[in-house]
Each structure stands twice: as structure tokens, then as C-alpha cells.
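Line by line, the protein sequences are chains A and B.
Residue numbering for the first sequence follows my numbering, beginning at 8 and increasing consecutively.
Residue numbering for the second sequence follows my numbering, beginning at 8 and increasing consecutively.
Protein chains: 2
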Amino acid sequence: MAPGRLAISEGDPATDLFNVVRGSVKLYKLLPDGRRQVTGFLFPGDFLGIAFNDTYAYSAEAIESVQLCRFPRGKLESLLIELPKLERRLLGEAANELAAAQDQMLLLGRKTAQERVASFIVSLSRKAEKRKKPASPIALPMSRTDIADYLGLTTETVSRTLTQLRQAGLIATNRRNQVEILNSRGLNDLIDGGAGD
Amino acid sequence: MAPGRLAISEGDPATDLFNVVRGSVKLYKLLPDGRRQVTGFLFPGDFLGIAFNDTYAYSAEAIESVQLCRFPRGKLESLLIELPKLERRLLGEAANELAAAQDQMLLLGRKTAQERVASFIVSLSRKAEKRKKPASPIALPMSRTDIADYLGLTTETVSRTLTQLRQAGLIATNRRNQVEILNSRGLNDLIDGGAGD
DNA sequence: CGGATATTTGACGAATCTCAATAGGCGTGG
DNA sequence: CCACGCCTATTGAGATTCGTCAAATATCCG
Numbered sequence: 008m009a010p011g012r013l014a015i016s017e018g019d020p021a022t023d024l025f026n027v028v029r030g031s032v033k034l035y036k037l038l039p040d041g042r043r044q045v046t047g048f049l050f051p052g053d054f055l056g057i058a059f060n061d062t063y064a065y066s067a068e069a070i071e072s073v074q075l076c077r078f079p080r081g082k083l084e085s086l087l088i089e090l091p092k093l094e095r096r097l098l099g100e101a102a103n104e105l106a107a108a109q110d111q112m113l114l115l116g117r118k119t120a121q122e123r124v125a126s127f128i129v130s131l132s133r134k135a136e137k138r139k140k141p142a143s144p145i146a147l148p149m150s151r152t153d154i155a156d157y158l159g160l161t162t163e164t165v166s167r168t169l170t171q172l173r174q175a176g177l178i179a180t181n182r183r184n185q186v187e188i189l190n191s192r193g194l195n196d197l198i199d200g201g202a203g204d
Numbered sequence: 008m009a010p011g012r013l014a015i016s017e018g019d020p021a022t023d024l025f026n027v028v029r030g031s032v033k034l035y036k037l038l039p040d041g042r043r044q045v046t047g048f049l050f051p052g053d054f055l056g057i058a059f060n061d062t063y064a065y066s067a068e069a070i071e072s073v074q075l076c077r078f079p080r081g082k083l084e085s086l087l088i089e090l091p092k093l094e095r096r097l098l099g100e101a102a103n104e105l106a107a108a109q110d111q112m113l114l115l116g117r118k119t120a121q122e123r124v125a126s127f128i129v130s131l132s133r134k135a136e137k138r139k140k141p142a143s144p145i146a147l148p149m150s151r152t153d154i155a156d157y158l159g160l161t162t163e164t165v166s167r168t169l170t171q172l173r174q175a176g177l178i179a180t181n182r183r184n185q186v187e188i189l190n191s192r193g194l195n196d197l198i199d200g201g202a203g204d
């Protein structure tokens, strides 16, 4: 699936469940006037479309070229009955998403721009590690606009904040949209106001 | 359980699952320096402690005097095996929480103070309806501080915004922490920038 | 190499926060 | 039943962070 291609659309009937095989995906919700909130980024191994309601709660769009593994909802139902372990697995996935959502609420409601960007970088780094990838440098396949809409900021503020972090010697930015973590300790201190306040 | 009493604490082993029988509960996360994000309010019928991980992701505190129905985790496991329907029910609850969390991310990341407060009032009104209670007037059992920490604002901004909505003729405030919705249409227009922008 | 797009940087303004003071509500005790 | 005191909510004035608008620079790709 090509970059920019829509996988699912908010409000559509939730007919399928997907698993990301390759590439990355962004999830988002829109307001009528175009304001956008990116609610998450998905990477290989993540599930897409965990909606036990009738319709999807958000839209999903490919960032990089993406390969998805599709489970039609109907077959899923019977699969769940055959494989109770799968249901438990999905339940676990949902719980993880829920915990991530709560962290994100804390970020959006109470963190400063600097704390948000630092949190974002560290969070991507940790996710990369979980996928057995190096914790640094980490790729930022999404645009500044996507990051801004994820962090509740503007692209300008994201850009300025990255510059600050770079000037503070905490990170370095590669030309290939990669971020290298130079001072992991310092970055972690920033995340929840432990220092730098 | 008396108001202010802690039901579960962030990071504690997730030993129990609760159902709210009577009263209301707030869920929240804290930053080390005391900043707080309220991630949700629970009312009768809602589940508390849906954490399939080892530990709770947030703390929970009684707002009004609360009565909880407790399911020890161990018994729950066997219950789930006996009653697959319960597991499905929990899955549904988790999905609903997830959808609510995404709405809240949109609110925290992209809505103005006025839109946040209007959204909050309407959302409480809808929840009240689901519990077969009148859609107006609605009780606000939580303090202004709780509301502010839920909406990512300060108590002062919440207070000022309520005053604005009152002066605009959209709501009336009872002395008993109740809000009456005078102009439902107007309030709904505010929620996602449909008008008033 | 050149045009289009994305990112960075700059100057200014606005929404919200902070700090401070006032007013209102509620319980206790006279 | 009313007065006092405490706590919460409201209101006000000024500060600050972040957003807006605009321009410059970098990157991508044909």
C-alpha cells in the first residue's frame, strides 16, 4: 500500500482487523474545520482496527509503503471461538493501547512543548527496541505535520523544539529524518519535568 | 467508600477489577512535580481497573461516596473461562474506553477552552441519558480542579469559560453544582468548531 | 538544474496561565 | 437561627508559552 493511501476511514463499518507487516501507519481523527489529531503511529507487529463497535473510531493512513495482513471480521469471530488465546491476545493489545492512550492524554493535557517532543523521541526509541531495532538513531518516517498533530503542537513549534534539543546537545539530526540520541539521561530528565524546569 | 478515598493506585499490582455500583470515581495520572491529568470519570455501571498488564496504569479516587463491586483477579480468570460472554463484554468495554480516550486526545490536542468545556458538559449529559437520568440538569460532582485536570486547563479558565457559556445563554448554573442546558443546539455547535469560530 | 514541497527561522499576537484578591457556600458552634 | 471561619469558586491584571503569518532555506525528484 502506497504512502498516503487510506487504509480505514473514521465512521466506516468496522469490517476488518489488520496487522501491520511492513512500513508504518498513522491514525487520526478530524474536526469539521480540518483540525487534526493524530492518535497514534503503528509499526510492524501492531494491530489496526481493534474496534468492537460497529464503526472505526479513527482513520488510518500509510506513512511509508505498507504491507498489511487482513482479517475479515466475520472470519475473525469464528477464529476467536476456535482460538480463545487469540481473544486474550487481542484483549492484551487493547489494554496496551489503552495505557498508551492515557500516557498521551497526560502528555497532551499537561506537558510543555519540550517535554512532548522529548517524550516522543524516547517513546519511538523504546518502540524500536521492542522490535529489536537499535534505540538510536531512530527513523522519523512521519512528517513534521504528523508529529505536530500527534503532540498537539504546530509544525513550527516542533521544529523549534527539535532545534533547542539539538543545541542543548541532547540529540543530533541526520539528514535522513533520523534522530540520534546523544544524551539519553538528559532527554529522560526532560520527559516529565524531572529537571530543566 | 468515602469521598477522596483511593481505590487503586498507579503502579500497584492489578489484583482486582471493580464495577461501580453507586457514586462516581475519577481516574488520574501524576507527573513527579505534581501536575495531574484526570483521564476519566466513572459512574454507576462503569468498570474500573481494566488492566490486563501487571499493574494499574492510573490511580482512582472516589468523588462522591462510592460503592464498588469487586472481582479478585484470580477468580476473574476462572470466571472468564466459564463465561466467554463476560470476556466479550469486557472487550467491548475496553473498546469503548479506547474510543473515549481517542476523543479526549482530540479534545486535549486540538480544541479551544470553550470547545473543551462545551464538550465536557454535553458528554456528561449523554452519559447521564445512558444511565436513564435526565439529560439536563446534570450534576457536576467533581471539583473545578478535577474538571480542569480532565480538560487540560486551569480552574480559572474553566470558571471563566463557564461564565462565558452562561452569559451566552447556553447554560445555567444551579447552586448545587448542577448545570442546566438551555441551548442544546448552540452547545453542540461549539463542540467541534461548527460555529462560534 | 529547476520547480515543488517540506522544514527551519523570525517577528508578532493571542489564548491561556500565573498570581492575587474577592466573593460565595457550607459546616460548626454559640 | 445566625455568626464565624474555612474552603472552593469567581474575577481581575499582567506574564508567558505557543500559535500565526511570513520569509528563507533545505530537500526531493524529475
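Built from N, CA and C at the ideal position, the CB exists for glycine as well.
### Query
Taking just the CA atoms, how far does Gln174 of chain B sit from Gly159 of chain A?
29 Å
### contact_flag[the region 94-106 of chain B, the region 26-33 of chain A] where n(CB pairs < 8 Å) is 3 or more
no
### Query
Who are the near neighbours of Leu37 of chain B in its chain, counting only those whose CB is closer than 6 Å to its CB and skipping five residues on each side?
Arg43
### Message
Taking beta-carbon pairs under 9 Å, can you tell me which members of the region 46-71 of chain A lie near chain B?
### Response
Thr46, Gly47, Ile57, Ala58, Phe59, Asn60, Ala64, Tyr65
### Query
Ends of the alpha helix (DSSP H) at Ser210 of chain A?
Given that chain A is displayed from residue 8 to residue 204, the structure contains no residue 210 of chain A and the question cannot be resolved.
### Query
From the DSSP output, which residues share a beta bridge with Ala179 of chain B?
B:Glu187
### Query
Can you name the residues of chain B whose CB is closer than 7 Å to the CB of Lys36 of chain A?
Gln109, Leu113
### Task
Evaluate contact between the region 55-70 of chain A and the region 83-95 of chain A, counting only Cβ atoms and requiring at least three cross-stretch pairs below 8 Å.
no
### Query
Hey, would you say Leu24 of chain A sits closer than 8 Å to Arg80 of chain A, going by beta carbons?
yes
### Query
In angstroms, rounded to a whole number, what distance separates the CA positions of Gly47 of chain A and Thr161 of chain A?
17 Å
### Query
To which residues of the same chain is Ala21 of chain A closer than 7 Å at the C-beta, ignoring the five residues directly before and after it?
Gly56, Ala58, Asn60, Asp61, Thr62, Tyr63, Arg80
### Through-space distance from Glu71 of chain B to Ser150 of chain B, alpha-carbon basis
11 Å
### Query
Can you name the residues of chain B whose CB is closer than 7 Å to the CB of Gln44 of chain A?
Met112, Leu113, Gly116, Arg117
### Message
Leu189 of chain B and Ile128 of chain B - do their beta-carbons sit closer together than 8 Å?
### Response
no
### Val73 of chain A beta carbon less than 8 Å from that of Asp53 of chain A
no
### Terminal residues of the beta strand (DSSP E) in which Ile15 of chain A lies
13-15
### Residue burial classification, Asp204 of chain B (beta-carbon count within 10 angstroms, cutoff 16)
Any reading at Asp204 of chain B must be qualified, since the residue scores a pLDDT of 40, below 50, and its modelled position is unreliable; the value itself is stated next. By the neighbour-count rule (16 or more Cβ atoms within 10 Å), Asp204 of chain B is not buried but exposed.
### Query
Opposite Val45 of chain B in the DSSP bridges: which residues?
B:Tyr35
### Message
Runs of 4 residues minimum, wholly inside the region 83-152 of chain A: which ones carry the alpha helix (DSSP H) assignment?
### Response
91-117, 120-137
### Query
In chain B, which residues lie with their C-beta within 9 Å of the C-beta of Ala102 of chain A?
Ile57, Ala58, Phe59, Asn60, Ala64, Ala101
### Message
Rounded to whole angstroms, what is the Cα-Cα separation between Asp110 of chain A and Arg123 of chain B?
### Response
19 Å
### Task
Between the Cα of Ala9 of chain B and those of B:Asp199, B:Glu187, B:Glu68, B:Thr164, spot the shortest distance and give me the residue it belongs to.
B:Glu68
### Task
Give the single residue among A:Leu172, A:Leu197, A:Ile198 whose Cα lies nearest to the Cα of Glu187 of chain A.
A:Leu172
#### Entry: Pick from B:Asp153, B:Asp196, B:Ile198, B:Ala120 that is closest to Gly11 of chain B, judged by C-alpha positions
B:Asp153
### Query
Taking the beta strand (DSSP E) that Leu24 of chain A falls in, what are its first and last residues?
23-29
### Task
Measure the CB-CB distance between Leu115 of chain A and Leu115 of chain B and report whether it falls below 8 Å.
yes
### Query
What do you get for Thr170 of chain A, buried or exposed, if any count of 16 or more other CB atoms within 10 angstroms of its CB means buried?
exposed
### Task
Mind reading off the beta-carbon distance from Ala142 of chain B to Ser132 of chain B? Whole number of angstroms is fine, and I expect it under 8 Å.
5 Å
### Task
State yes or no: is the beta carbon of Gly81 of chain A nearer than 8 Å to at least one beta carbon in chain B?
no
### Query
For the alpha helix (DSSP H) that contains Leu160 of chain B, what are its first and last residues?
Element bounds for Leu160 of chain B: n/a, residue is neither H nor E.
### Task
Note down the Cα distance separating Ile88 of chain A from Gly18 of chain A, rounded to an integer number of angstroms.
27 Å
### Task
For Gly200 of chain B, go through chain A and note every residue whose CB falls closer than 8 Å to its CB, in chain order.
Leu38, Pro39, Asp40, Arg42
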